[in-house]
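*Asks:*
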Amino acid sequence: MATVSVSYLWIALEVEAEKRAKGKKGKKKKKGGEAGAAGPSQEAEVGAEAPSEAAEAAKKAEEERMIRLLEKCHEERIRFGITAASQAAASAEVAQAVRLDAEADEAEEEAEADKAEEVAAVAALAAAEVARAEARAAHAEARAAHGEAKAAFEKIKASLEEAAAALSATGSALEGSETALEGSETALEEAAAAAEARGAAAAASMARAVAARVAADAAQERS
4 MATVSVSYLW IALEVEAEKR AKGKKGKKKK KGGEAGAAGP SQEAEVGAEA
54 PSEAAEAAKK AEEERMIRLL EKCHEERIRF GITAASQAAA SAEVAQAVRL
104 DAEADEAEEE AEADKAEEVA AVAALAAAEV ARAEARAAHA EARAAHGEAK
154 AAFEKIKASL EEAAAALSAT GSALEGSETA LEGSETALEE AAAAAEARGA
204 AAAASMARAV AARVAADAAQ ERS
């Protein structure tokens, strides 16, 4: 176990040293690119030299500490007899551990994504159920309104039929009254003609009676 732990520590230190080396190269390139610049910014750089010197000192101290750790690890490798093969095996184990850790992270991310999709699906299902319930309620209201409208139409239709029947009856009554009126007018005319004829006959009879009376009176006078 001690051998493996020292190997892990050695690998970690090598990785850290490699990162620091890359960082130093990048900074050197940046400084080289800025060397040709001149102007007012140089005064600001002069003012920032004091903090940068402190940072540089801290950086050198850290590098010295890393060197001491590397030397310590080298001594430990010699003391525990760590070989290139054992270091390669440890490196493989570290790589496998890193890979497994990455796979675990990926699996966790997939699980979280699946969980989010599940939550979204449940929310969508709930929304669909609410929409279906609202649609059913609206359909029931529409059906009830249709039934009421149909009943009102039937009532109006029945009223129209009754009104049509009443209109037809009044029309027949009107025709009958017109016929009766015409008949009464004819009877009145006939009665008036008969009365006139009877008056004329009575006048003629009266004239004949008067003439007879006159003749009778004249005959009595002669006798």
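So the sequence shown is residues 4 to 226, counted in the working numbering. Where is the CB? At the ideal position from N, CA and C, for every residue including glycine. What you are looking at is a predicted structure, and each value in this text was computed from that prediction instead of being measured.
Can you say whether A148 is buried or exposed, counting buried as having 16 or more other CB atoms within 10 angstroms of its CB?
*Replies:* A148 is exposed by the Cβ-count criterion.
*Asks:* Please report the straight-line C-alpha distance between E1 and A105, rounded to a whole angstrom.
*Replies:* Nothing about residue 1 can be reported from this structure: the residues present for the chain run from 4 to 226 only.
*Asks:* How would you label A218, buried or exposed, when you count the other beta carbons within 10 angstroms and need 16 or more for buried?
*Replies:* Counting Cβ neighbours within 10 Å, A218 comes out exposed, since fewer than 16 surround it.
*Asks:* May I ask you to report which of helix, strand or coil DSSP gives A221?
*Replies:* Three-state DSSP puts A221 in a helix.
*Asks:* With DSSP as the reference, label G2 as helix, strand or coil.
*Replies:* Absent from the structure is residue 2, since the part of the chain shown begins at 4 and ends at 226.
*Asks:* Could you check if A64 is buried or exposed, using at least 16 other CB atoms within 10 Å of its CB as the buried criterion?
*Replies:* So A64 ends up on the exposed side.
*Asks:* Would you mind sorting A228 into buried or exposed? The rule is 16 or more other CB atoms within 10 Å of its CB.
*Replies:* Nothing can be reported for residue 228: it is not among the residues displayed for the chain, which extend from 4 to 226.
*Asks:* Could you check the C-alpha separation between E144 and L163 for me, to the nearest Å?
*Replies:* The straight-line gap from Cα to Cα measures roughly 28 Å.
*Asks:* What's the C-alpha gap between R139 and A167?
*Replies:* Whole-angstrom Cα-Cα distance: 41 Å.
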